Structures are given as C-alpha cells and as structure tokens.
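There are 2 protein chains.
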Amino acid sequence: MNISGDSEFLSDYDPTAYDCPSVTVDLVLLGLHRQRLSALLVRRDQPPQAGHWALPGGFVAIDESLDVAAARLLRDKVGFDGAHLEQLYSFGAVDRDPRMRVITIAYLALLREDQMNAAVRAGRVAVAALEGERLAAIGEDQAALPLAFDHQAILALARDRLRGKIDYSDLAFAFLPPRFTLRALQDVHEAVLGTPLNKPAFRRRMLDRGRLVATGMREDEASHRPAELFTLGSAR
Amino acid sequence: MNISGDSEFLSDYDPTAYDCPSVTVDLVLLGLHRQRLSALLVRRDQPPQAGHWALPGGFVAIDESLDVAAARLLRDKVGFDGAHLEQLYSFGAVDRDPRMRVITIAYLALLREDQMNAAVRAGRVAVAALEGERLAAIGEDQAALPLAFDHQAILALARDRLRGKIDYSDLAFAFLPPRFTLRALQDVHEAVLGTPLNKPAFRRRMLDRGRLVATGMREDEASHRPAELFTLGSAR
DNA sequence: GAAATAGTGTCTGTTAGACATTATGGG
DNA sequence: CCCATAATGTCTAACAGACACTATTTC
C-alpha cells in the first residue's frame with residue numbers, strides 16, 4: 006500500500022552518495038546539401054571508436070536546463086545560434102557508451118543551407134548525406150561513414166520524426182531563408198521525404214493553408230522565368 | 006577549430022568529481038474511466054507540495070535502461086506490467102524540483118479499464134479525469150486537483166501526444182481488451198479527442214484500414230442488438 | 001524565337017461527413 | 001409490437017494526383 010509518490014525518499018536523498026548517470030545533450034544537425042537531406046557530424050579522434058563519426062554533443066551543466074544546454078552546444082559546435090531547435094528523444098541504454106553510464110537527450114537542429122556551409126567552412130563539422138532506407142551517412146567521397154555508439158539509431162529517429170512532421174508543421178521553413186520560392190519549398194519536402202511530389206497539388210496545398218504571403222518580389226539570378234518569393238505568415 | 010567531437014574529455018572524466026543531475030522516470034498513466042480520459046495520480050504526503058497530486062515515478066538505477074526503469078516503476082506503482090509503455094518527453098528545467106536538480110524522462114503508459122480499476126482498488130493511485138482545454142485534473146468530488154511540480158505540463162503534453170497519434174497509430178487499442186466492439190473503439194477515440202465522431206465514417210475508416218478482424222462473436226449483456234466483437238490483426 | 005521553368009485549368013478517383021434506412025436482439 | 005442500438009446505402013463536398021496547357025523571363 007503505497008499511496009504516496011516517489012518523492013518521500015527524495016527528501017533525504019544525497020545525490021553525491023549514489024552512483025548517478027551522466028547526462029549529455031547530442032545534436033542532430035540537419036539541413037539540405039545539394040538537394041539532399043544531410044547531417045553535420047564530427048570525427049572522433051580519441052578511442053573508443055576513434056575514426057568513427059559522431060553527433061556533436063556535451064554534458065548538461067548542473068545549472069542549465071536541457072534546452073539551454075542544447076542552445077549552448079549549438080553555439081559552440083557550429084558557431085552561431087538562431088537555428089530551429091527541438092527535443093527529439095532520450096537514449097539511455099546501459100551500454101550505449103562503453104566508458105560510463107551516459108543518458109543523452111537528443112535534440113534536432115534544423116539549419117539553412119547557408120548555415121550548413123558556414124559550419125563546414127569553419128572546419129567544425131563535416132556534411133554527410135542521409136541515404137536510403139538503411140540510412141547510411143555518406144561522406145564527400147560517396148563512401149558510407151561508420152557512426153559511433155548508437156548515433157545511427159538517433160539519426161534514423163531524427164529522419165523519421167522530420168518526415169512525420171514535415172507536412173503539418175512549420176519545420177520545412179527552418180531549412181529556408183526568410184524569402185523563398187514555392188519550388189524551393191517543394192525541394193525541401195522532396196528531400197526530406199525522399200520522393201518526388203506533384204507540383205500543382207503541392208502549390209495548392211501550401212497556398213490553401215493560408216500561411217504563405219506573396220511578396221511581389223521575384224528571385225533573380227535565374228536563367229529562365231523567375232519565380233515569386235513568399236514569406237511565412239503568422240499562424241493566425 | 007574543433008573538428009573532434011565532444012567526447013575527448015569524456016576519456017578522463019570522473020563522474021563522481023562533478024555535480025551531476027539526478028535522473029528520474031515519471032509515468033503518465035492514462036486510461037478511460039467513465040467514458041473520460043483519465044490519469045492515475047499519487048498524493049504527496051511529504052513536503053514540498055504535500056497534499057498536491059503527482060505522477061508516480063522514481064530514480065533510474067545506474068544499471069538499468071530508461072525503458073527498463075519505466076517498466077519497473079509501472080510494476081511497483083500499479084502492481085502489474087503488460088501495459089503499453091512509450092517514452093514521452095524529457096523535462097529538465099533547473100528549478101522544476103526545489104530540492105535538487107532532477108531531470109525526468111516522462112513515459113506514457115496506456116491502461117485498459119480493468120487495469121485502471123485494479124490499480125485504484127489496490128489503493129495505490131487515484132483517478133483524475135482530464136477535463137477541458139486548460140486540462141484540470143478532476144477528482145471524484147469534481148474538484149480540480151492541485152498538481153505538483155511541472156506535472157501539469159507533463160500531463161498536457163501526454164494528452165496532446167495521444168491526440169496527435171490516436172488516428173494513425175495503434176494506441177487506441179491499448180485501452181481496450183483483446184476483443185472489442187466498434188462502438189467501444191469509437192468511444193476511445195471520442196474520449197481522447199474530446200469530440201463526437203461520425204459513426205458510419207468511423208466504421209469505414211477503421212475497416213478499410215484492414216487491421217480489424219471480425220471474430221463472428223457478439224457482445225453479451227446488451228439489452229438491445231449486440232454488436233460484433235473484433236480483434237486487432239497483425240500489421241501486415 | 002528557343003529554352004526553361006513558373007504558374008494555371010481541368011478531369012478523375014478517393015475519402016469523409018451527413019443523413020436516411022434497414023437489421024436484429026431484448027422486453 | 002416497441003425500443004434501442006447495430007450495421008449499411010447513398011448523396012455530396014473536399015481534396016489530391018495526373019496531365020495538359022499557358023505565361024514569362026533569359027539568352
């Protein structure tokens with residue numbers, strides 16, 4: 006008979022007296038690179054798993070919330086903030102890191118193409134395309150990259166979550182600059198879903214949603230008829 | 006220039022040397038009670054927040070995964086296992102517990118009506134209906150129950166997640182016994198969504214999905230025409 | 001004017017809501 | 001025979017895919 010909650014033994018619980026797991030945040034940095042959904046990864050140069058590729062991450066400080074930790078790591082790892090950040094899932098298998106018990110809260114960060122490029126140019130991370138249903142991360146030389154720890158599973162979940170939310174959420178716009186063409190928006194959807202979409206139906210669906218605002222401006226630097234630029238209006 | 010991952014300083018990291026947050030799992034036990042979506046809560050009898058109502062939960066042991074911890078807590082708190090369990094979200098605001106830094110991974114557990122009743126009869130938990138958009142937990146005497154810590158937000162997220170997944174996932178069946186009528190299935194959807202549904206359209210949608218298997222059996226103890234009993238078929 | 005892509009009109013098949021109707025058990 | 005609910009048929013509106021067509025810019 007235990008009507009009371011868990012918390013009666015919290016009162017006299019001394020955290021330093023017990024083993025406690027370490028808590029980290031890992032970032033799944035996703036963006037479009039050459040029309041393909043890609044992730045930014047870092048190369049491990051220390052064992053274990055030296056030479057494998059990993060999600061950037063780090064420990065959660067005792068005085069920062071999970072969201073704040075994710076934002077801090079984003080700044081540290083790619084050198085800027087302002088990307089869309091949302092919590093993805095928490096991974097806590099006992100042996101996911103061979104050195105110690107680490108529970109990680111994975112965050113999804115969505116980057117615009119210019120942000121992807123800036124991070125790569127700064128030498129902090131490398132781009133890997135997410136290919137196929139088995140979800141191999143492909144490096145610049147087209148070879149599959151070995152992924153460290155359970156990061157393959159984390160990437161797969163991130164991709165699935167993005168696919169599931171892309172057409173009823175505003176996530177697609179996080180990949181795009183403030184002004185964008187309908188073609189660019191469709192490219193985002195197609196890259197995320199991995200399948201071509203019908204152009205008129207896509208246009209209708211997006212416009213009927215009532216969120217896109219025509220700017221009257223047109224794209225330049227096109228060697229053909231330039232498309233109109235839209236912005237995302239407020240949610241009502 | 007930091008090409009390497011976060012993990013180089015993991016190598017010589019001693020977890021006992023730093024403050025580390027405590028990690029708990031909290032359970033959002035949901036089920037239908039008198040045709041309403043309801044949660045099972047425990048009453049806190051120790052400060053802080055004595056007299057408030059809370060989600061049952063407990064610490065994650067150093068040698069158990071998050072999923073295993075959730076299953077163990079389910080067994081301890083309601084006295085059985087076998088309920089549908091899935092991870093919901095992780096909450097890590099710095100001040101969410103006034104005593105110490107606690108990061109909690111919330112799990113969603115879906116119970117059948119007989120499981121709800123068994124848990125209540127065993128005196129371990131109390132039922133609270135989730136009412137309205139502001140999501141007040143309502144006790145037996147129809148008064149709103151004060152919720153401890155950030156558990157109101159956790160309940161709200163659980164309800165929203167359930168609403169979002171109810172019609173493309175198998176979650177609804179977790180609330181039902183192995184054999185059920187279409188009416189009972191519709192009751193589940195209506196209680197979760199909080200809105201009435203069209204009967205013929207609902208039947209068609211469910212049957213066209215190809216997952217429901219007619220048993221040829223009919224419900225008994227009905228004072229009118231008895232409905233056919235169905236089971237959930239395999240996913241292909 | 002040729003090339004290329006933007007943008008539109010229209011047909012069709014699928015699906016959901018609304019509503020009426022028939023079917024079948026208990027009393 | 002009455003009642004209550006199960007189960008079904010049908011009409012209609014909304015919507016997505018397919019495809020053809022027109023429009024507009026650069027070169």
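In order, the protein sequence lines correspond to chains V and Z. First residue of the first sequence? That's 6 in the numbering used here, and the numbers climb one at a time after it. First residue of the second sequence? That's 6 in the numbering used here, and the numbers climb one at a time after it. Glycine included, C-beta positions come from ideal geometry on N, C-alpha and C. None of the values given here were measured: they were computed from a predicted structure.
Residue i: first and last residue of the uninterrupted alpha helix (DSSP H) it sits in
i: residue 159 of chain V; result: 156 to 170
DSSP beta-bridge partners of residue i
i: residue 38 of chain Z; result: Z:41
i: residue 240 of chain V; result: For residue 240 of chain V, which the question treats as bridged, DSSP gives no partner whatsoever.
Cβ-Cβ distance between residue i and residue j below 8 Å
i: residue 90 of chain Z; j: residue 75 of chain Z; result: yes
i: residue 55 of chain V; j: residue 133 of chain V; result: no
i: residue 167 of chain Z; j: residue 58 of chain Z; result: no
i: residue 32 of chain V; j: residue 71 of chain V; result: no
i: residue 46 of chain V; j: residue 180 of chain V; result: no
i: residue 28 of chain V; j: residue 108 of chain Z; result: yes
i: residue 30 of chain Z; j: residue 83 of chain Z; result: no
i: residue 92 of chain Z; j: residue 174 of chain V; result: no
i: residue 187 of chain V; j: residue 211 of chain V; result: yes
i: residue 130 of chain V; j: residue 171 of chain V; result: no
i: residue 117 of chain V; j: residue 61 of chain V; result: no
i: residue 67 of chain Z; j: residue 100 of chain V; result: no
i: residue 114 of chain Z; j: residue 142 of chain Z; result: no
i: residue 202 of chain V; j: residue 135 of chain V; result: no
i: residue 104 of chain Z; j: residue 26 of chain Z; result: no
i: residue 224 of chain V; j: residue 232 of chain V; result: yes
i: residue 220 of chain Z; j: residue 184 of chain Z; result: yes
i: residue 51 of chain V; j: residue 192 of chain V; result: no
i: residue 218 of chain Z; j: residue 235 of chain Z; result: yes
i: residue 160 of chain V; j: residue 190 of chain V; result: no
i: residue 98 of chain Z; j: residue 155 of chain Z; result: yes
i: residue 216 of chain Z; j: residue 238 of chain Z; result: yes
Bounding residues of the beta strand (DSSP E) (the contiguous stretch that carries residue i)
i: residue 233 of chain Z; result: 233 to 237
i: residue 135 of chain V; result: 131 to 136
i: residue 177 of chain V; result: Here residue 177 of chain V belongs to no beta strand (DSSP E), and DSSP marks it neither H nor E.
i: residue 141 of chain Z; result: 141 to 143
Three-state secondary structure assigned by DSSP to residue i
i: residue 125 of chain V; result: helix
i: residue 120 of chain Z; result: helix
i: residue 111 of chain Z; result: strand
i: residue 148 of chain Z; result: coil
i: residue 226 of chain V; result: coil
i: residue 20 of chain V; result: Residue placement at residue 20 of chain V is flagged as unreliable, the pLDDT there being 46, under the threshold of 50; the coordinate-derived value follows with that caveat. If DSSP states are grouped into helix, strand and coil, residue 20 of chain V belongs with the helices.
i: residue 13 of chain V; result: Residue confidence for residue 13 of chain V is low, a pLDDT of 40 falling below 50, so the modelled location carries little weight; the figure read from the coordinates is stated next. Helix, per DSSP.
Proximity test, residue i beta-carbon vs the ligand PLP heavy atom, cut-off 7 Å
i: residue 37 of chain Z; result: Ligands displayed in this structure: none; no statement on the ligand PLP is therefore possible.
Entirely enclosed beta strand (DSSP E) segments - the stretch 24 to 109 of chain V, minimum 3 residues: With a minimum length of 3 residues, the continuous beta strand (DSSP E) runs that stay inside the stretch 24 to 109 of chain V are 27 to 38, 41 to 48, 62 to 64 and 89 to 96.
For the stretch 181 to 224 of chain Z, which segments carrying the alpha helix (DSSP H) assignment without a break, of at least 4 residues, lie completely within its bounds, in sequence order? You should have 187 to 198 and 204 to 213.
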